[in-house]
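Since the structure comes first, as structure tokens, the remarks are kept for the end.
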Ligand code: MN
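The following block contains the structure:
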């Protein structure tokens, strides 16, 4: 292995380390120079999304290249964290348990070039992804903001529409950035923010943790890296940003300003509609000497995986705190890695599955359906989960429906404000059931057969079947 190729147990700490690793392992496709920023780049990314990362030199002739598909599967997530695929959730939970505070440094590569005359699309190659998107969007920017009262930072990803040369329309769902913005706006102040583009996958995963308000997600990134993230103060405000990022847009979420944003193709595979939303005034752009722009195609595999895995890890944590018999959780691909959760439990008491459902609904408002299964079911296999529902669930006894709860505003079936219902399915075997009724059939020895030992040459069939001459029609 070369110095640029991280070994096992080594987490890539910036975008370039990860890209070098992908390139060295034949997982980075390089496009011909000059592909189009409008739709073409996203179309190529989507075609490669289960297979390779993609690097686009000179998109539309722009000097800054674009990269996409940093993560295409759970295996890649394990690889970027330096652990095996089945260790990813425990590694991530460990990082959430033992956050590592960042350290401030005086300068960093991300401020090698500073532009205080802002013209976003002149400086940055911002792509347009889905058919009905309102235009170019920064889709992979970590938005870092500060609690105006105590200075604690928050990290999350929000879709950022380019609304003008120094203006961004942004969707803030009612979580942490939104709360900080409310706090600032109540005092008539703008909320200082930074949009950080081009970081390592661990930092992207850290930004998606389901943790409480005032839990700085960059400390999870530090724990995943095994080393505190080096942060540098913005040039025009007090936000601290990763010193080794590629690009930073510094700005303010304005008070008392709302402008149209959307539509934008989102993770449920539908569009978030156009509406008046928050506005960010961009005050400066800083970047590396020759920066790389990262984009995430809305609704694509990278989008789903980035949201799914951290949610699984943090939901598992939440559920196990109250119910230690919970063994594992899975947010399914069909449930767009957000809405449908499967929980594996080693049930000891009959009522536990319904408590688990309520814990999951409260754990994140996106959770819409929870299926609880026994420990013999592989929750990562949708066929096995459906089998468990088919054979261990009765709707009159095992179904929990809760009306008028908070759901995802991006779920097209929720009403205004994201109100919808929750559904829980208990697909566990009743503790009182007689053992034989639920004894799963198996063929003894089926898992241990060595076909090289038991199978003969296929030609041996002729001696048994005989030589059948079908003749010829001609
Ligand atoms: Mn947060």
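Numbering (this note's numbering), first residue to last: 96 to 569. For glycine and all other residues, C-beta sits at the position ideal for the given N, C-alpha and C. All values reported here derive from a predicted model rather than from experimental measurement.
For residue i versus residue j, is the C-beta spacing smaller than 8 angstroms?
i: residue 323; j: residue 197; result: yes
i: residue 362; j: residue 293; result: no
i: residue 213; j: residue 374; result: no
i: residue 144; j: residue 511; result: no
i: residue 366; j: residue 355; result: no
i: residue 230; j: residue 257; result: yes
i: residue 393; j: residue 234; result: yes
i: residue 147; j: residue 167; result: yes
i: residue 445; j: residue 495; result: no
i: residue 384; j: residue 209; result: no
i: residue 521; j: residue 448; result: yes
i: residue 205; j: residue 327; result: yes
i: residue 195; j: residue 318; result: yes
i: residue 200; j: residue 288; result: no
i: residue 433; j: residue 476; result: no
i: residue 237; j: residue 254; result: no
i: residue 372; j: residue 283; result: no
i: residue 290; j: residue 260; result: no
i: residue 124; j: residue 149; result: yes
i: residue 126; j: residue 151; result: yes
With 16 other CB atoms within 10 Å as the buried threshold, where does residue i fall?
i: residue 435; result: buried
i: residue 285; result: buried
i: residue 97; result: In this predicted model, residue 97 has a pLDDT of only 40, less than 50, meaning its place in the structure is not dependable enough to derive any value.
i: residue 102; result: Low confidence applies to residue 102: its pLDDT is 46, below 50, so where it sits in the model is not reliable, and the reading given next is rough at best. Residue 102 should be labelled exposed.
i: residue 99; result: With a pLDDT of only 42 at residue 99, under the threshold of 50, the placement of this residue in the model should not be trusted; the figure read from the coordinates follows. Residue 99 is exposed by the Cβ-count criterion.
i: residue 312; result: buried
i: residue 337; result: buried
i: residue 531; result: exposed
i: residue 109; result: buried
i: residue 225; result: buried
i: residue 478; result: exposed
i: residue 192; result: exposed
i: residue 301; result: buried
i: residue 185; result: exposed
i: residue 541; result: exposed
i: residue 561; result: exposed
i: residue 413; result: buried
i: residue 141; result: buried
i: residue 559; result: exposed
i: residue 391; result: buried
i: residue 339; result: buried
i: residue 485; result: exposed
i: residue 228; result: buried
i: residue 443; result: exposed
DSSP has residue i in a bridge; who is on the other side?
i: residue 255; result: 233, 265
i: residue 239; result: 250, 289
i: residue 123; result: 148
i: residue 522; result: 468
i: residue 581; result: No answer is possible for residue 581: it lies beyond the span of the chain, which begins at 96 and ends at 569.
i: residue 47; result: Since the first residue of the chain shown is 96 and the last is 569, residue 47 is not available in this structure.
i: residue 162; result: 150, 389
i: residue 108; result: BP columns for residue 108 are empty, so no partner.
i: residue 379; result: 345
i: residue 369; result: Answer is none; residue 369 lacks a bridge partner.
What ranges does the beta strand (DSSP E) occupy inside the stretch 282 to 367, keeping only unbroken runs of at least 3 residues that lie completely in it?
286 to 292, 325 to 328, 335 to 337, 342 to 348, 354 to 356
Going residue by residue through the stretch 420 to 447, where are the continuous beta strand (DSSP E) segments of at least 3 residues, counting only ones entirely within it?
421 to 426, 435 to 440
Is the number of C-beta pairs between the stretch 395 to 409 and the stretch 305 to 313 that are closer than 8 angstroms three or more?
yes
At 4 residues or longer, what runs of the alpha helix (DSSP H) sit wholly inside the stretch 452 to 486?
none
Going along the chain, which unbroken runs of the alpha helix (DSSP H) with 4 or more residues stay wholly within the stretch 167 to 196?
169 to 176, 183 to 192
Cβ pair count under 8 angstroms reaching 3, the stretch 212 to 231 against the stretch 157 to 166:
yes
Is it the case that the stretch 419 to 427 contacts the stretch 262 to 281, given that we only count it when at least three CB pairs across the two stretches are under 8 angstroms?
no
For the stretch 435 to 452 and the stretch 460 to 477, state whether three or more C-beta atom pairs, one from each stretch, are separated by less than 8 angstroms.
yes
For the stretch 507 to 524 against the stretch 447 to 457, are there 3 or more C-beta pairs whose distance is under 8 angstroms?
yes
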